[in-house]
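Enquirer: Let me give you the structure first, and then I'll get to my questions.
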Amino acid sequence: GAVVSQHPSWVICKSGTSVKIECRSLDFQATTMFWYRQFPKQSLMLMATSNEGSKATYEQGVEKDKFLINHASLTLSTLTVTSAHPEDSSFYICSAPLAGITDTQYFGPGTRLTVL
Amino acid sequence: AQSVSQHNHHVILSEAASLELGCNYSYGGTVNLFWYVQYPGQHLQLLLKYFSGDPLVKGIKGFEAEFIKSKFSFNLRKPSVQWSDTAEYFCAVPNQAGTALIFGKGTTLSVSS
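Here the protein sequences come in this chain order: A and B.
Note that the first sequence covers residues 1 to 116 in our numbering.
Note that the second sequence covers residues 117 to 229 in our numbering.
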């Protein structure tokens with residue numbers, strides 16, 4: 001099946017620094033990728049839709065200047081958490097659909113961000 | 117706006133018990149419905165999906181779900197659970213614009229051996 005990878009799997013950073021998380025589709029091309037945030041014991045909250053060749057679409061309440069998304073190629077999307085604060089600590093998950101946007105999503109393993 | 121709700125927050129079963137997890141969605145035109153599972157320490161993976169046709173959908177690992185249009189439901193079932201079914205289960209539907217998936221809050225299933 002299709003594989004989506006994320007790097008790093010866990011990152012610990014100091015408050016005020018920026019952290020970049022990569023999401024790659026390993027064996028297929030993804031013009032669209034999704035970024036989610038998952039709090040412990042809670043559901044996935046869609047943050048934004050990453051579009052190759054155009055700007056990302058952010059969900060209501062998500063600060064686009066804080067969570068910078070760049071869809072650099074058909075296999076890579078990056079999420080940069082700028083000026084991270086402890087409240088940004090969370091599990092960040094990306095996904096990519098193999099076909100249409102509302103078709104089966106293939107999820108990355110997630111990146112745990114801990115901001116001290 | 118399209119939405120999905122899962123009523124069971126935490127379900128605890130013994131091995132061999134039958135399972136049914138509820139999922140209800142709000143009406144929004146053409147309905148595509150998904151169940152995803154997240155095993156401890158692993159990433160989300162698709163259990164099954166319904167797009168059209170037979171409303172009884174069979175997925176991996178013995179799971180099935182039935183789409184009941186009149187009840188706006190897509191409940192997940194398994195006749196006999198195993199310890200290895202311990203996981204978090206999420207129901208999902210596309211948003212009304214068809215641009216993303218909306219997930220329910222999830223149900224934690226704990227199976228004791």
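Here a beta-carbon is modelled for each residue, glycine too, at the ideal position from N, C-alpha and C.
Quick one: which chain A residues come within Cβ less than 8 angstroms of B/T202?
Expert: As a position in the second sequence, residue 202 of chain B is number 86, starting the count at 1. Within chain A, no residue comes near B/T202; the closest Cβ sits about 14 angstroms away, beyond 8 angstroms.
Enquirer: List, in order along the chain, the chain A residues whose C-beta lies closer than 7 angstroms to that of B/F219?
Expert: Within the second sequence, numbered from 1, the residue matching residue 219 of chain B stands at position 103. Chain A residues near B/F219: S43, L44.
Enquirer: Applying a beta-carbon distance threshold of less than 7 angstroms, which residues of chain B neighbour A/T104?
Expert: In the first sequence, the residue the question calls residue 104 of chain A occupies position 104. Residues of chain B passing the Cβ test: L162, K165.
Enquirer: Which residues in chain B have a C-beta closer than 8 angstroms to the C-beta of A/P109? List them in chain order.
Expert: Here residue 109 of chain A is taken as the residue at index 109 of the first sequence, counted from 1. Within chain B, the residues near A/P109 are Q158, H159.
Enquirer: A/F91 CB to nearest chain B CB: under 8 angstroms?
Expert: Counting from 1 along the first sequence, the entry for residue 91 of chain A is found at position 91. Cβ-Cβ to chain B under 8 angstroms: no for A/F91.
Enquirer: What is the residue span of the beta strand (DSSP E) that A/S9 lies within?
Expert: The residue labelled residue 9 of chain A in the question sits at position 9 within the first sequence. It is not in any beta strand (DSSP E) - A/S9 carries neither H nor E in the DSSP assignment.
Enquirer: Is A/P40 near the ligand GTP, judged by its Cβ being under 7 angstroms from some heavy atom?
Expert: Here there are no bound small molecules, and the ligand GTP is not part of this structure.
Enquirer: Going straight from the alpha carbon of A/G61 to that of A/V4, what length do you get?
Expert: Start at 1 with the first residue of the first sequence, and residue 61 of chain A comes out as number 61. Start at 1 with the first residue of the first sequence, and residue 4 of chain A comes out as number 4. So the two alpha carbons sit approximately 26 angstroms from each other.
Enquirer: Along the chain, where does the beta strand (DSSP E) containing B/Y152 start, and where does it finish?
Expert: The residue labelled residue 152 of chain B in the question sits at position 36 within the second sequence. Per DSSP, B/Y152 belongs to the beta strand (DSSP E) from 149-154.
Enquirer: In terms of alpha-carbon separation, which member of B/L225, B/P156, B/L163, B/L129 lies closest to A/Q105?
Expert: For the purposes of this step, residue 105 of chain A is taken as residue 105 along the first sequence, with counting starting at 1. The option with the nearest alpha carbon to A/Q105 is B/L163.
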